[in-house]
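Engineer:
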Amino acid sequence: MIEGILVGLSAAFSFQNLLMVLGGCLIGTFIGMLPGLGPMSIIAIMIPVAIKIGDPSAALILLAGVYYGAIFGGSTSSILINAPGVAGTVATSFDGFPMAQQGKAGKALTIAAIASFCGGTISAILLMIFAPMLSSVALAFHSAEYFALMVVGLSAIAAFAGTGKVVKALMMTVIGLTLATVGESALFNAPRFTMGLMDLQSGFSFITLAMALFALPEALNLVLRPKKDGGASGGEIKDLRITGSEARAIAPVIGRQSVQGFLIGVMPGAGATIASFLGYAVERNIAPKDEQAQFGKGSVKGLAAPESANNAACTGSFVPLLTLGIPGSGTTAILLGALIALNVQPGPRLMTDSPEVFWAVIISMYIGNIVLLILNLPLIPYIARLLAVPRTYLIPFILFFTLIGAYIGQNNATELLILVGLGVFATVLRFADYPLPPLLIGFILGGMLEDNFARAVNLTDGVSFMWERPMTLALLILGVALILLPAWRARRARALQQGTAQGD
Amino acid sequence: MPLDKWIAALFLVGSVIYGYAAFTYPLLPFERNMAFLPNTWPQVLAVLGAVLSLLILIARPEPADEEGRVLGRITRADLAGLKIGQAVLLVSAMIAYALLLRPFGFLGATVLFIVGTGLLLGERRVLVLILVAVLGAGLVWGLVDGLLGIFLRPLPWFLESTP
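So the protein sequences, as listed, match chains H and B. Counting in our numbering, the first sequence tops out at residue 596, every number present. Counting in our numbering, the second sequence tops out at residue 168, every number present.
(1) Tell me which residue opens and which closes the alpha helix (DSSP H) that Q293 (chain H) is part of.
(2) Nearest to F535 (chain H) by CA position, among H:F298, H:P148, H:G146 and H:F450, is which residue?
(3) As a quick exercise: from B:K10, B:E128, B:L106 and B:L87, pick the residue whose alpha carbon is nearest that of A142 (chain B).
(4) Could you say which of H:L532, H:L568 and H:I426 lies nearest to I267 (chain H) if we only look at CA atoms?
(5) State yes or no: is the C-beta of T601 (chain H) within less than 7 Å of the C-beta of M138 (chain H)?
(6) Determine whether the Cβ of A40 (chain B) lies closer than 7 Å to any Cβ atom of chain H.
(7) Taking the alpha-carbon of F285 (chain H) as reference, which of H:V274, H:D291 and H:S294 has the nearest alpha-carbon?
(8) Just to confirm, is the Cβ distance from T265 (chain H) to L246 (chain H) under 7 Å?
(9) Taking 7 Å as the CB-CB cut-off, is G110 (chain B) touching chain H?
(10) Assign G595 (chain H) to buried or exposed, taking buried as 16 or more other Cβ atoms, counted over all protein chains shown, within 10 Å of its Cβ.
(11) On the premise that V449 (chain H) lies in contact with L152 (chain H), defined as a C-beta separation below 8 Å, what is that separation, rounded to the nearest angstrom?
(12) Quick one: give me the first and last residue of the alpha helix (DSSP H) that N281 (chain H) is part of.
(13) Does the distance from the C-beta atom of V345 (chain H) to that of E375 (chain H) stay below 7 Å?
(14) Hey, would you say F41 (chain B) sits closer than 7 Å to V549 (chain H), going by beta carbons?
(15) Would you decide whether G73 (chain B) is buried or exposed? Buried here means 16 or more other CB atoms lie within 10 Å of its CB.
(16) What did DSSP end up calling E237 (chain H) once you bin it into helix, strand or coil?
(17) Relative to the C-alpha of Y474 (chain H), which residue among H:G198, H:R522 and H:V512 is closest?
(18) At a CB-CB cut-off below 8 Å, which residues of chain B make contact with V512 (chain H)?
(19) Is the shortest distance between the beta-carbon of T273 (chain H) and the beta-carbons of chain B less than 7 Å?
(20) Under the assumption that L567 (chain H) contacts W559 (chain H) (Cβ atoms under 8 Å), give the Cβ distance between them as a whole number of angstroms.
(21) Quick one: what's got a C-beta closer than 6 Å to A463 (chain H)'s C-beta in the same chain, skipping five residues either side?
(22) What does Q48 (chain B) reach in chain H if we use C-beta pairs closer than 8 Å?
(23) Going by DSSP, what residues sit across from G275 (chain H) in a beta bridge?
(24) Out of H:F410, H:T407, H:I145 and H:V182, which has the shortest C-alpha to C-alpha gap to V249 (chain H)?
(25) In angstroms with no decimal places, state the Cα-to-Cα distance between G130 (chain B) and L17 (chain B).
(26) Tell me, please, whether the stretch 308 to 316 of chain H touches the stretch 487 to 502 of chain H by the rule of three or more beta-carbon pairs shorter than 8 Å.
(27) Counting C-beta neighbours from all protein chains within 10 Å, is the total for M287 (chain H) 16 or more, i.e. buried, or is it exposed?
(28) Can you check the stretch 524 to 585 of chain H for any alpha helix (DSSP H) of at least 4 residues that lies completely inside it and give the ranges in chain order?
(29) Which runs of the alpha helix (DSSP H) fall wholly inside the stretch 347 to 401 of chain H and span at least 4 residues, in chain order?
(30) Output needed for A272 (chain H): all residues of its chain with C-beta closer than 6 Å, excluding positions within five of it in sequence on either side, in chain order.
(31) Can you find a CB in chain B that lies within less than 7 Å of the CB of S325 (chain H)?
(32) For A14 (chain B), go through chain H and note every residue whose CB falls closer than 7 Å to its CB, in chain order.
(33) Determine the burial state of M303 (chain H): buried for a count of at least 16 other Cβ atoms within 10 Å of its Cβ, exposed for fewer.
(34) Determine whether the beta carbon atoms of S185 (chain H) and S170 (chain H) lie at a separation below 7 Å.
(35) The stretch 538 to 571 of chain H: which residues have C-beta closer than 7 Å to a C-beta of chain B, in chain order?
(36) In whole angstroms, give me the CA-to-CA distance for Q631 (chain H) and Q48 (chain B).
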């Protein structure tokens, strides 16, 4: 292994490859900041450039740099304008945006940068050590377990919606899952529930839904309640520094989530999105009672958790790609395509056949993380100043970015009408106090959930897999418990209250 | 009835319609013998949605949260405090943008949209606004078209050179 690291070091520290990392991170960060262009589309766009380079390690280094940069850039727009351009950074906006509203945008961005850096670095070390071992664990997970894992994820999200809102959160999850069924049906890919509209044949697009649920209601809210926007666009950027107590609070969170995110990223199909949501849910559930109330209102822990988890998962998703040749996410699938185009066959033999590619990529992950940190920390005050823009300019531009984000992906004006319609609906839902994040999460996981469910049902010719596979059963029980526990607790609290009232 | 119950009722109606569509889904001939059908999952979802929306409908009103505001209940008085007119105008501007994007071209429609909504929100320095709009639209177009190579028709139909 030492030999491999040295080969990787000499490859990654060549002038050309350093330039690749730097360029990749820069391009990724800036394009990732535009809502609507996630890492997947950016990497897809960069593939011709990468292939033109010709050298597989340089190309892969460039693409990996773009990948990290895009994830980081995506968290910037989540924090500043509540417009997560990437599914993996939706959880970042839960606490990042409230922090920005409180005038702590600079601090939020700093925490995001540091958490991403730690998550990326720790998981790169883990990747180096565990890559060969973990690939066998991932293979033990079948579709039934994936289905159960997603059920756990969804119920964890609903469970943390807060007391009294669990049913509403579940309702929103089901609506998200329902929206995900529009388009092509699982397994057979025949159009389903499209109401005869050609534009719906490929389903609702994630970007459109994310924009409609988060960015548009936010902008409309700024218009509807003009007094309230003083906090959001006050432009005051105070306390950029993280205090000692905050650093102590987030350090264990970052440590835990880096490992957990990495492990989730290793599993094919899970990836950064699930890692960030689960990371957020886990940290919220294990936090002390008084800190739990802070989640969703600008908690530093709630921001650090998804940020370290999603970067760790990005690294983790390279494990199945590099060791098995199985892409763990859409992004790594595109990377796989690029590798094959460069005449490198990822798989178990990659480490022996072309060790320089394998190790150069891993070493460049460290370099990429350091470059991102150096690049972003000094830029943060300038990026955060975006919020000081007067609202007569800010709102039109937020709306414009929202619209164009949805348009670029599809090149289709109907998408914009869907966006506006869903956005108005989401605004009404917000007024009625329905939590919106579960809807989007349900939508993101909906397709995967149904596919895995379908595969499991077909394999066992029924739903017997739910109790015949111990792992599936355990996960499903956990999922149900997560939903029932808060409800039971609330009921007991209410019963106690009533009891004392009657006793008086 | 508070707003959240109205919405729950709406969801119930939606679930029933969705359920009807799911249970009467026209299956393809070769799909009929499969264990898992394209409408299996939607059927599960329709039932779940109906049950959950009923639960919300029959649930007791929620207790007031710490701010003392009763959740999910927007009264007429609350609505009066909101600038609904402006919001409706903004939404119409977005719909107009969606419809005009193709015929007016990206640059034209975008400048029009930003200037229009800016004026709507009370910006009075029209020239600055136009300048910012042109710069912003041009920059984004340059980035998307030049760097990423995604084609967006920049100019209105009458200025466009035929390919």
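All C-beta atoms in this analysis are idealised placements derived from N, C-alpha and C, irrespective of residue type, glycine included.
Structural biologist: Taking the structure as given:
(1) As a working mapping, residue 293 (chain H) is identified with position 201 in the first sequence. It is not in any alpha helix (DSSP H) - Q293 (chain H) carries neither H nor E in the DSSP assignment.
(2) As a first step, residue 535 (chain H) must be located in the first sequence, where it is residue number 443. Minimum Cα distance to F535 (chain H) is reached at H:F298.
(3) Residue mapping note: residue 142 (chain B) aligns to position 137 of the second sequence, counting from 1. It is B:L106.
(4) Here residue 267 (chain H) corresponds to residue number 175 of the first sequence, with the count starting at 1. I267 (chain H) has its Cα closest to that of H:L532, out of H:L532, H:L568 and H:I426.
(5) As shown, chain H starts at 93 and ends at 596. That puts residue 601 (chain H) outside it, with no answer to give.
(6) Start at 1 with the first residue of the second sequence, and residue 40 (chain B) comes out as number 35. With 7 Å as the cut-off, A40 (chain B) counts as an interface residue toward chain H.
(7) Taking the first residue of the first sequence as 1, we reach residue 285 (chain H) at position 193. Considering only alpha carbons, the answer is H:V274.
(8) The residue you call residue 265 (chain H) lines up with position 173 of the first sequence. The residue you call residue 246 (chain H) lines up with position 154 of the first sequence. For T265 (chain H) and L246 (chain H), yes; Cβs fall inside 7 Å.
(9) Here residue 110 (chain B) refers to the residue found at position 105 when the second sequence is read from its first residue. Not one chain H Cβ lies under 7 Å of G110 (chain B).
(10) Residue mapping note: residue 595 (chain H) aligns to position 503 of the first sequence, counting from 1. Confidence at G595 (chain H) is low in this model, with a pLDDT of 39, below 50, so the placement of that residue is unreliable and no value is reported for it.
(11) On the first sequence, residue 152 (chain H) is found 60 positions in, with the first residue counted as 1. On the first sequence, residue 449 (chain H) is found 357 positions in, with the first residue counted as 1. That belief holds up - the Cβ atoms of L152 (chain H) and V449 (chain H) are roughly 7 Å apart, short of 8 Å.
(12) As a first step, residue 281 (chain H) is located in the first sequence; it is residue number 189 there, counting from the start. Taken as a continuous stretch (DSSP letters only), N281 (chain H) belongs to no alpha helix (DSSP H), as it is neither H nor E.
(13) For the purposes of this step, residue 345 (chain H) is identified with residue 253 of the first sequence, where counting begins at 1. For the purposes of this step, residue 375 (chain H) is identified with residue 283 of the first sequence, where counting begins at 1. Taking 7 Å as the Cβ cut-off, V345 (chain H) and E375 (chain H) qualify as a contacting pair.
(14) Here residue 41 (chain B) refers to the residue found at position 36 of the second sequence. Here residue 549 (chain H) refers to the residue found at position 457 of the first sequence. The answer is yes: Cβ separation under 7 Å.
(15) The count along the second sequence starts at 1 and reaches residue 73 (chain B) at position 68. Per-residue confidence for G73 (chain B) stands at a pLDDT of 40, beneath the threshold of 50, marking its modelled position as unreliable; the derived number appears in the next sentence. Exposed, because fewer than 16 other Cβ atoms sit within 10 Å of the Cβ of G73 (chain B).
(16) Counted from its first residue, the first sequence places residue 237 (chain H) at position 145. Three-state result, E237 (chain H): helix.
(17) Mapped onto the first sequence, residue 474 (chain H) falls at position 382. It is H:G198 whose Cα lies nearest to the Cα of Y474 (chain H).
(18) Stepping through the first sequence from its first residue, residue 512 (chain H) is reached at position 420. Per Cβ cutoff of 8 Å: V96, M99, I100 and A103.
(19) For the purposes of this step, residue 273 (chain H) is identified with residue 181 of the first sequence, where counting begins at 1. By this cut-off, T273 (chain H) is an interface position.
(20) Residue 567 (chain H) sits at position 475 when you count from the first residue of the first sequence. Residue 559 (chain H) sits at position 467 when you count from the first residue of the first sequence. Not quite, the Cβ-Cβ distance comes to about 12 Å (not below 8 Å), so this is no contact.
(21) Here residue 463 (chain H) refers to the residue found at position 371 of the first sequence. According to the sequence provided, residue 463 (chain H) is Val. The question's Ala does not apply to it. For V463 (chain H), where only same-chain residues beyond five positions count, the Cβ hits under 6 Å are V113, L114 and C117.
(22) Stepping through the second sequence from its first residue, residue 48 (chain B) is reached at position 43. Neighbours of Q48 (chain B) on chain H: none; closest Cβ ~10 Å, over 8 Å.
(23) In the first sequence, counting from the first residue as 1, residue 275 (chain H) sits at position 183. BP columns for G275 (chain H) point to H:R284.
(24) Here the question's residue 249 (chain H) lines up with position 157 in the first sequence. Reading off the sequence, residue 249 (chain H) comes out as Ile, not Val. Of the listed residues, the one whose Cα sits closest to I249 (chain H) is H:V182.
(25) Position 125 of the second sequence, counted from the first residue, corresponds to residue 130 (chain B). Position 12 of the second sequence, counted from the first residue, corresponds to residue 17 (chain B). The residue you asked about is not Gly; residue 130 (chain B) is Arg in the sequence shown. Their backbone Cα atoms lie some 49 Å apart in a straight line.
(26) yes
(27) Looking up residue 287 (chain H) in the first sequence gives position 195. The residue in question, M287 (chain H), is exposed, as its Cβ has fewer than 16 Cβ neighbours within 10 Å.
(28) 529 to 552 and 557 to 560
(29) 363 to 378 and 381 to 384
(30) For this step, residue 272 (chain H) is matched to residue 180 along the first sequence. Within the same chain, A272 (chain H) has close Cβ partners F535, G538 and G539.
(31) As a working mapping, residue 325 (chain H) is identified with position 233 in the first sequence. Any reading at S325 (chain H) needs caution, since the residue's pLDDT is 43, under 50, leaving its predicted position unreliable; the model's value is listed next. Cβ-Cβ to chain B under 7 Å: no for S325 (chain H).
(32) Position 9 of the second sequence, counted from the start, is the residue given in the question as residue 14 (chain B). Near A14 (chain B) there are no residues of chain H at all, since even the closest Cβ is about 12 Å away, more than 7 Å.
(33) One-based indexing of the first sequence puts residue 303 (chain H) at position 211. The residue in question, M303 (chain H), is buried, as its Cβ has 16 or more Cβ neighbours within 10 Å.
(34) Here residue 185 (chain H) is taken as the residue at index 93 of the first sequence, counted from 1. Here residue 170 (chain H) is taken as the residue at index 78 of the first sequence, counted from 1. Yes.
(35) E542, F545, A546, V549, N550, D553 and G554
(36) Since the first and last residues shown for chain H are 93 and 596, residue 631 (chain H) lies out of range.
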